[in-house]
Amino acid sequence: MDRTDRAILKALQADGRITTLELAAKVNLSPTATADRVKRLTREGYIEGYHARLSAEKLDLGLLVFVEVKLDRTTPNVFEHFAIAVRRASEVMECHMVAGGFDYLIKARVSDMNAYRAFLSDSLLSLPGVRETHTYAVMEEVKNTDLLPL
């Protein structure tokens, strides 16, 4: 991984639809050398894929919530069943096991507070091992990016 590889990754994460010609010009390489590097970076796992960023508001998913989840038991079996169930919940965008005063932090998107209440009662509280939750509804997204600091 050299400076040129990092420049390629930075450009691609900012604009995944950039053409090889445009990318080559940005990193001062030939199009062939640039394409070869992109293939290698993909093969080596630095590039995991490409996606379109969609408007949550236009898709009626304007309410973003973070939920702290405490489990009743912290055993491998409970962790495994909880993880399987969370992966099935389409509202859940991210779920992280954390150290501290609770076990998991969930990021979810729903249309509104009524939809969140339904998600909480029908999905979240019925997940295996859930003892307690604390919810934080987002009032304003100050920064929302998935760009890595390269």
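For the sequence shown, numbering that gives the first Met the number 0 begins at 0 and goes up steadily by one. The beta carbon of each residue, even a glycine, is placed where N, CA and C say it ideally should be.
Taking C-beta to C-beta, are residue i and residue j nearer than 8 Å?
{"i": "residue 81", "j": "residue 127", "result": "yes"}
{"i": "residue 110", "j": "residue 63", "result": "no"}
{"i": "residue 101", "j": "residue 141", "result": "no"}
{"i": "residue 96", "j": "residue 103", "result": "yes"}
Given that a residue counts as buried once 16 or more other Cβ atoms are within 10 Å of its Cβ, and exposed if not, what is residue i?
{"i": "residue 49", "result": "exposed"}
{"i": "residue 98", "result": "exposed"}
{"i": "residue 135", "result": "exposed"}
Determine the direct distance from the alpha carbon of residue j to that of residue i, and round the result to whole angstroms.
{"i": "residue 90", "j": "residue 16", "result": "27 Å"}
{"i": "residue 52", "j": "residue 76", "result": "35 Å"}
{"i": "residue 10", "j": "residue 118", "result": "38 Å"}
{"i": "residue 39", "j": "residue 30", "result": "14 Å"}
{"i": "residue 14", "j": "residue 0", "result": "20 Å"}
{"i": "residue 2", "j": "residue 129", "result": "46 Å"}
What is the DSSP secondary structure of residue i, reduced to helix, strand or coil?
{"i": "residue 101", "result": "coil"}
{"i": "residue 138", "result": "coil"}
{"i": "residue 16", "result": "coil"}
{"i": "residue 119", "result": "helix"}
{"i": "residue 11", "result": "helix"}
{"i": "residue 69", "result": "strand"}
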